[in-house]
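Number of protein chains: 2
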Amino acid sequence: MAAAADAFRALDEASLVEYIKATPALRAQLGEQLEGLAIKEVGDGNLNFVYIVAGPAGSLVIKQAIPYVRCIGTSWPLTKERAYFESLALKEHGSLCPNHVPQVYHFDRPMSLIAMRYLEPPHIILRKGLIAGIEYPLLAQHMSDYLARTLFFTSLLYHATLEHRHAVAEFCGNAELCRLTEQVVFSDPYMVSQYNRWTSPHLDHDVEAVRHDDILKIEVAELKSMFCERAQALIHGDLHTGSVMVTIDSTQVIDPEFAFYGPMGFDIGAFLGNLILAFFSQDGHADKDNDRTVYKQWILRTIEETWNLFHHNFVSLWNENFDGHGEAYLVDIYNKTELQLLVQKKYMTDLFHDALGFGAAKMIRRIVGVAHVEDFESISDETKRALCERRALDCAKTILKERRKFETISQVISVIQEISAP
Amino acid sequence: MAAAADAFRALDEASLVEYIKATPALRAQLGEQLEGLAIKEVGDGNLNFVYIVAGPAGSLVIKQAIPYVRCIGTSWPLTKERAYFESLALKEHGSLCPNHVPQVYHFDRPMSLIAMRYLEPPHIILRKGLIAGIEYPLLAQHMSDYLARTLFFTSLLYHATLEHRHAVAEFCGNAELCRLTEQVVFSDPYMVSQYNRWTSPHLDHDVEAVRHDDILKIEVAELKSMFCERAQALIHGDLHTGSVMVTIDSTQVIDPEFAFYGPMGFDIGAFLGNLILAFFSQDGHADKDNDRTVYKQWILRTIEETWNLFHHNFVSLWNENFDGHGEAYLVDIYNKTELQLLVQKKYMTDLFHDALGFGAAKMIRRIVGVAHVEDFESISDETKRALCERRALDCAKTILKERRKFETISQVISVIQEISAP
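Chains as they are written, first to last, in my numbering: chain A, 29 to 450; chain B, 29 to 450.
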């Protein structure tokens, strides 16, 4: 393959068929039966084109990055090299947690094109399931497994420092995607920006209050610096409920194009924060057949279980590998059970506070920043939507500013409940 | 230049002359007068060969890295690529602070060879001046200028995040040198290691106490993680008093082969910690002509002034560049003087505590680890030396464990004085 940057061409349904026919790995995945392929473009994200390719003897998904933000257009350029980092992260996280990451069949760097497993029906985007009020009894177990394995095994609790710095250097190349996060999560929501939007005029005062909340802005600066400086583990980088596909018994994490070595709490917080957003949106989806009371309790249980199971799984992996090649805590130094327990308690407490901070920041930006969530957007009654959003915003501000006072996730749940039913 | 790894050959005085004659940049620096060159090998560090080359019309220093630790031998291999990172850091820090970094004339990557300014007499290594009891009235001013400029301008207070991550990635290549620091500063002193040594039997119990101090080891783990994970600024990485050459009116920082993007506090702490070691060694150098009382006061003043002037200089640079392209604190968000003051206070307080922690860790490793300092080693009376070392060790342990309680450097000075005159 004569890889060259200018070998890129954006595909459409027709040219995709020709591409598949010319690519042995894809032909094989489709069982060499290339007549009558059904191709459907389904990209509903903000950035890329996504095609489902179904043939009589196999199926796959093709994802192609284009050199700008799809939902905005060529006026917001964005490197298509993000597909390279997405493919790296899919492969790395997939090898660590194959049950919850779709298999990659093929990657074409010049074309910024990834072919991967088609997540067949009834897989749907988790966010849509949450809006529909569907319970996923294994979600907490699956996500805590994914988070614990991907974060532990790419951290210095498992890595030697040489391999760690080597991997960190590679993912520094994804700086443009990191920069997008920095802008839309940590900057724009706290200043006047042309990209910000909110339910107006209902939330006008709330948005202004965010911009004038000095304590909040000092805390956000600390989180932003941690995001920019701290290479703790290979994180997904965009782990909201739109990056997870689910059925009742399957959980698959997709779209890690924002992956880089960053703070673990950013992934954990993204997932928990988006569950909290889903919780606060439920009142807007209640109707006379279903007041969502039971479902809200399920979401809260899922938040609680996700953290608690993550904590358990992560510490278990740590214990299993305490005498391994991870260089953060050498067993010759941290050589007593009592000391190991102290060290783990400190590490997990700090991680908990990081996760709460990042999760809250991700909530705030979904209410006052450029990219909103369907959980709220699909509430057509603006007054009702604004009420849900305001409660979520108040909750996020409290969690972000007070995060160091929380010792357990159940204390966080209590705050959510208080703000939900004042 | 056909750069190839195997183009390396270790030079000696004779082959160095041939190398100089074949290298136009060096010929020019010597004024094209290559007859009667005086060449002297003066490497007294642990790692490299250093030659002073003096001719009738010019002079220079040649530093060549060899692929192992010089003071230990081929049994401890160490990449000679360290010379590449040293040359990068000399050029970057030199452009930011030309008054205190020697000029680089020539770099040859395959040969791991740097040619740079010869720091002519009466320049001596600062550590030797401190042992001799010489006051340097401009030292605090010069070092605070060097620290403020090199750290500020390579941090996200000045860098945009894209350029920052690009630079971070490059210096990740210096991982082997970082790993050496991790081992000798953060690991070996806290475990049984064949490399550790100490004044024995005098300090046997003290060394054992370090290995059993759980609180100390938990704090050291936090510092080690910060060293491994946090890319805050381009730091020198080995800024002890043996990496500084001085006269009464000149201060030159040399030997940044450990340079990488790490926590700023590591550089500040290394310098302050080594001054504190110098302070505690003075009683061992006192004689009937000079009890060193006045000199000890000068060292304490220098510690105090270095931090206070650094604080002043760093904040001044920040104020001058608040509306620049640094992305940590956008002026559109941190848009009021009051808020800027709050943000700076928090940043500088955290940095102060980091510096105290790292400085204390650097003190401890010089007493119980592999590499000791001449300040103590040159005290021939072992009982006297052990007493000095024990006080320094106790001081370091206190500072490391209690660092977050200190608000000013004068409070640190008080602790040093208390431990010095119990």
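Quick reminder that beta carbons are idealized off the backbone N, C-alpha and C, glycines included.
Predicted model only: the values in this text are computed from it and were never measured.
Looking only at its chain, what residues have a beta carbon closer than 6 Å to the beta carbon of residue i, apart from the 5 residues adjacent to it on each side?
{"i": "A203(A)", "result": "none"}
{"i": "Y164(A)", "result": "V274"}
{"i": "G397(A)", "result": "V212, D216, P217 and N224"}
Assign residue i to buried or exposed, taking buried as 16 or more other Cβ atoms, counted over all protein chains shown, within 10 Å of its Cβ.
{"i": "Y357(B)", "result": "buried"}
{"i": "V272(A)", "result": "buried"}
{"i": "A32(A)", "result": "Its pLDDT being 48, under 50, A32(A) is placed unreliably in this model, and the value from its coordinates should be taken loosely. So A32(A) counts as exposed."}
{"i": "D451(A)", "result": "Since the first residue of chain A shown is 29 and the last is 450, residue 451(A) is not available in this structure."}
{"i": "V235(B)", "result": "buried"}
{"i": "G301(B)", "result": "buried"}
{"i": "P84(B)", "result": "exposed"}
{"i": "T102(B)", "result": "exposed"}
{"i": "G290(A)", "result": "buried"}
{"i": "K49(A)", "result": "exposed"}
{"i": "F233(A)", "result": "Looking at the sequence provided, one finds His at residue 233(A) rather than Phe. Exposed, by the Cβ-count rule."}
{"i": "K316(A)", "result": "exposed"}
{"i": "P149(A)", "result": "exposed"}
{"i": "R329(B)", "result": "exposed"}
{"i": "N318(A)", "result": "exposed"}
{"i": "M29(B)", "result": "A caution first: M29(B) carries a pLDDT of 40, below 50, which makes its placement in the model too unreliable to give a value."}
{"i": "C99(A)", "result": "exposed"}
{"i": "Y375(A)", "result": "buried"}
{"i": "F223(A)", "result": "It is worth fixing the name first, because residue 223(A) is Tyr in this sequence and not Phe. Y223(A) is exposed by the Cβ-count criterion."}
Closer than 8 Å, CB to CB, is residue i near chain A or not?
{"i": "A30(B)", "result": "Only weak support is given to the placement of A30(B): the predicted model assigns it a pLDDT of 42, under 50, and the value that follows is read from those uncertain coordinates. Closer than 8 Å: no."}
{"i": "E236(B)", "result": "no"}
{"i": "G59(B)", "result": "no"}
{"i": "D360(B)", "result": "yes"}
{"i": "Y146(B)", "result": "no"}
{"i": "E430(B)", "result": "no"}
{"i": "E120(B)", "result": "no"}
{"i": "Q368(B)", "result": "no"}
{"i": "A383(B)", "result": "no"}
{"i": "K433(B)", "result": "no"}
Starting from residue i, trace the alpha helix (DSSP H) in both directions and tell me its first and last residue.
{"i": "R261(B)", "result": "According to the sequence displayed, residue 261(B) carries Ala and not Arg. Taken as a continuous stretch (DSSP letters only), A261(B) belongs to no alpha helix (DSSP H), being part of the beta strand (DSSP E) at A261 to I263."}
{"i": "A197(B)", "result": "T189 to C200"}
{"i": "A53(B)", "result": "P52 to Q57"}
{"i": "L301(A)", "result": "The amino acid at residue 301(A) is misidentified as Leu; the sequence shows Gly. Element bounds for G301(A): M292 to H313."}
{"i": "S451(A)", "result": "One cannot answer for residue 451(A) here, as it falls past the ends of chain A, which runs 29 to 450."}
{"i": "G122(A)", "result": "R110 to L124"}
{"i": "F77(A)", "result": "First-last for F77(A): F77 to G83, but that is the beta strand (DSSP E), not the alpha helix (DSSP H)."}
Using a Cβ-Cβ cutoff of less than 8 Å, which residues in the same chain neighbour residue i once the five nearest sequence positions on both sides are dropped?
{"i": "Y218(B)", "result": "V238, R239, L244, K245 and V248"}
{"i": "I159(B)", "result": "A306, S309, H313, E402, D403 and S406"}
{"i": "D409(A)", "result": "G312"}
Let's see if you can read the secondary structure: which residues bound the beta strand (DSSP E) around residue i?
{"i": "F135(A)", "result": "V132 to D136"}
{"i": "M376(B)", "result": "Per DSSP, M376(B) belongs to no beta strand (DSSP E); it is in the alpha helix (DSSP H), T365 to V396."}
{"i": "Q453(A)", "result": "With chain A covering only 29 through 450, there is no way to say anything about residue 453(A)."}
{"i": "V274(B)", "result": "V272 to V274"}
{"i": "G157(B)", "result": "Note, G157(B): premise wrong, no beta strand (DSSP E); alpha helix (DSSP H) at L154 to A160."}
{"i": "T209(B)", "result": "Looking at the DSSP string, T209(B) is not in any beta strand (DSSP E); the run it does join, the alpha helix (DSSP H), is A203 to T209."}
{"i": "M144(B)", "result": "L141 to M144"}
Kindly say whether residue i, judged by its beta-carbon, lies nearer than 8 Å to any beta-carbon of chain B.
{"i": "A33(A)", "result": "Per-residue confidence for A33(A) stands at a pLDDT of 48, beneath the threshold of 50, marking its modelled position as unreliable; the derived number appears in the next sentence. Not one chain B Cβ lies under 8 Å of A33(A)."}
{"i": "G201(A)", "result": "yes"}
{"i": "Q260(A)", "result": "yes"}
{"i": "V396(A)", "result": "no"}
{"i": "Y357(A)", "result": "yes"}
{"i": "K425(A)", "result": "no"}
{"i": "C256(A)", "result": "yes"}
{"i": "D242(A)", "result": "yes"}
{"i": "S412(A)", "result": "First, the residue type needs correcting, since residue 412(A) is Lys and not Ser in the sequence shown. K412(A) does not count as touching chain B."}
{"i": "L39(A)", "result": "no"}
Whose C-beta lies closer than 7 Å to the C-beta of residue i among residues of the same chain, with five residues either side of it excluded?
{"i": "Q372(A)", "result": "V343 and W346"}
{"i": "L337(A)", "result": "A168, Q169 and S172"}
{"i": "N341(B)", "result": "S172, D173 and A176"}
{"i": "P105(B)", "result": "P95 and Y96"}
{"i": "L428(B)", "result": "L244, E247, G385, A388 and A389"}
{"i": "I282(B)", "result": "P130, S271 and M273"}
{"i": "L147(B)", "result": "P130, M273 and Q280"}
So is residue i in contact with chain D if we call contact Cβ pairs under 8 Å?
{"i": "I246(B)", "result": "Protein chains in the displayed structure are A and B, and chain D is not among them."}
> Going along the stretch 166 to 197 of chain B in order, which residues come within less than 8 Å of chain A, judged by CB to CB distance?
Replying inline: Result list: L184, T189, L190, H192, R193, H194, V196 and A197.
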